[in-house]
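The structure under discussion appears below in the form of structure tokens.
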Amino acid sequence: MRTALVCGAGGFIGGHLVKRLKKEGFWVRGVDLKQHEYTQLPTDDFVIGDLTDISVVNKVLDQPFDELYQLAADMGGAGYLFGGENDANVMHNSGVINLNIAKRATEMGVKKLFYSSSACMYPAYNQEDPDNPKCAENSAYPAAPDSEYGWEKLFSERLYCAFHRNYGLNVKVARFHNVFGIEGTWNGGKEKAPAAMCRKVAEVEDGGTIEVWGDGLQTRSFLYVDECLEGVRRLMDADFMGPVNIGSEEMISINGLAQLVAEVAGKKIHIKNIPGPMGVRGRNSDNALIKEKLGWAPSKPLREGIEKTYYWINEQVKLQKAEVKLNKSLYNEVSIGSCSLQDSCR
Ligand code: NAD
Ligand code: GDC
């Protein structure tokens with residue numbers, strides 16, 4: 024039986040990956056700081072642990088796994104990464120995780136290691152025109168990512184490639200472009216634009232107004248998680264190490280994304296553009312290389328993924344409302360109860 028270690032299994036993409044690997048017949052160990060928030064994972068073994076701690080890394084990486092997927096990172100959306108206040112933690116936590124894993128995977132003779140880099144490593148100077156961003160793999164240098172998160176990703180890509188050159192570690196590197204879907208972070212400050220728009224539209228009345236950061240004309244492309252994993256699995260089986268983009272080429276403005284979500288929800292909305300952390304002006308995946316090397320590229324329309332994600336987030340919003348209501352009525356009961364107790368004690 025093939026064995027896999029999924030680092031960051033309690034997260035969004037890691038959780039989906041565990042399910043996929045189990046369906047493919049792998050024995051899977053997951054490791055994360057936390058259990059998955061939204062789903063029960065079918066792992067064969069799940070370790071709660073901090074991968075910045077080398078003793079945890081040594082414990083979970085105790086065998087020459089056939090495949091290791093390194094997805095663990097201190098990360099979030101624009102609200103978490105581009106305000107500046109999390110820069111030191113993001114660089115330190117993710118950097119140490121990758122330093123620990125690269126070394127230990129080499130020592131243990133891991134057969135293949137996947138590393139999830141990000142489109143945030145591309146230079147800001149190529150992403151100033153929202154209608155024509157350049158994100159071909161060979162446009163990475165001279166390096167000038169616009170966030171510390173992007174610099175750490177670039178450093179760690181290079182780290183894994185150096186372990187490949189010097190120690191023969193078989194690495195695969197992909198640069199994900201804004202991946203979204205069900206069972207991902209949708210509130211709390213780490214959510215990315217697709218989840219944020221779904222939540223805002225789910226919470227607003229028909230005809231109401233939602234807030235969108237920036238002028239809303241900034242552009243991105245968004246990839247549904249199933250296609251992201253299809254790309255990852257194909258890369259793992261290919262005779263090609265990357266780095267390669269795994270993203271959609273269907274670019275849309277953020278106001279356009281908000282309107283698409285509203286259409287899916289069957290609501291009319293108004294958009295109020297407000298100041299907020301924005302990141303680069305435009306970004307889109309360039310899929311020439313993935314087509315050439317894997318003979319495949321993501322092709323599903325954005326709307327399809329948004330439909331699934333909106334319905335799931337709409338359910339989460341309803342559940343949260345119901346919980347708040349229940350907590351309020353429990354609180355009232357308890358305070359009425361304690362009141363009458365006090366009264367009877369008088
Ligand atoms: P996520 O935040 O849902 O998952 C990351 C997981 O890593 C979390 O569950 C977190 O608890 C875990 N983690 C963080 N620090 C840890 C530590 N010290 N020890 C153990 N676990 C730790 O994020 P995701 O969207 O699933 O992203 C997975 C990977 O893909 C990340 O490396 C991310 O940078 C990369 N990526 C994601 C996107 C995207 O759009 N989702 C885009 C580009 C790159
Ligand atoms: O958060 P994100 O999806 O990250 O934001 C996309 C754009 O949407 C930004 O310009 C942001 O200002 C705008 N936006 C407008 N309103 C809101 O309410 C909102 N919430 C959020 N989150 N955004 C809003 C991402 C990184 C990822 C990952 C990918 C790789 O950057 O956050 O961690 O690595 O890039 O492609 P984004 O696309 O800038």
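Per the working numbering, the sequence shown runs over residues 24 to 369.
C-beta: ideal position from N, C-alpha, C; glycine also.
DSSP three-state assignment for Leu91, whether helix, strand or coil: It is a strand residue.
Contacting residues, own chain, Cβ-Cβ under 6 Å from Leu312 (five flanking each side not counted): Closer than 6 Å at the Cβ level, and outside the excluded window around Leu312, lie Glu160 and Val267.
Which of helix, strand or coil DSSP assigns to His187: helix
Heavy atom of the ligand GDC within 6 Å of Asn337 beta-carbon: no
Three-way DSSP call (helix, strand, coil) for Trp236 in this model: Correct three-state label for Trp236: strand.
Cβ-heavy atom distance, Glu259 to the ligand GDC, below 6 Å: Note that residue 259 corresponds to Met in the displayed sequence, not to Glu. No; taking the cut-off as 6 Å, the Cβ of Met259 has no heavy atom of the ligand GDC nearer than that.
Thr332, buried or exposed, once every other Cβ within 10 Å from all chains shown has been counted against 16: Buried is the label assigned to Thr332, since at least 16 other Cβ atoms lie within 10 Å of its Cβ.
Endpoints, alpha helix (DSSP H) assigned at Ile205: Taken as a continuous stretch (DSSP letters only), Ile205 belongs to no alpha helix (DSSP H), as it is neither H nor E.
Heavy atom of the ligand GDC within 6 Å of Arg127 beta-carbon: Proximity of the beta carbon of Arg127 to the ligand GDC is not indicated: no heavy atom of the ligand is located closer than 6 Å.
Same chain only: Cβ atoms within 6 Å of Gly118, ignoring 5 sequence neighbours per side: Glu175
Member of Ala167, Gly173 and Ser162 whose CA lies at the smallest distance from the CA of Ser140: Ser140 has its Cα closest to that of Gly173, out of Ala167, Gly173 and Ser162.
Closer than 6 Å: Gly289 CB and nearest the ligand GDC heavy atom: no
Beta-carbon gap between Arg306 and Ala101 smaller than 7 Å: no
Supposed contact pair Ile277 and Ala225 - C-beta distance, whole angstroms, cut 8 Å: Actually they are not in contact, since the Cβ atoms of Ala225 and Ile277 sit about 17 Å apart, beyond 8 Å.
Which of helix, strand or coil DSSP assigns to Asn307: coil
Counted within 10 angstroms of its Cβ, other Cβ atoms place Gly270 as buried (16 or more) or exposed: buried
Closest Cα partner of Ile292 within the set Ser322, Arg326 and Gly230: Gly230
For Trp319, the three-state DSSP class (helix, strand or coil): coil
Strand pairing of Asp110, partner residues [DSSP]: Residue pairing for Asp110: DSSP places it in no beta bridge.
Closer than 6 Å: Leu283 CB and nearest the ligand NAD heavy atom: no
heavy atom of the ligand NAD below 6 Å from Thr66 C-beta: Not under cutoff, so the answer is no.
Member of Phe199, Ile336 and His115 whose CA lies at the smallest distance from the CA of Ile205: Ile336
Distance CB(Leu325)-CB(Glu272) smaller than 7 Å: no
For Met98, the three-state DSSP class (helix, strand or coil): coil
Buried or exposed (CB count within 10 angstroms, at least 16 for buried), Asp169: With 16 or more other Cβ atoms within 10 Å, it is buried.
Any non-hydrogen atom of the ligand NAD closer than 6 Å to Asn109 Cβ: no
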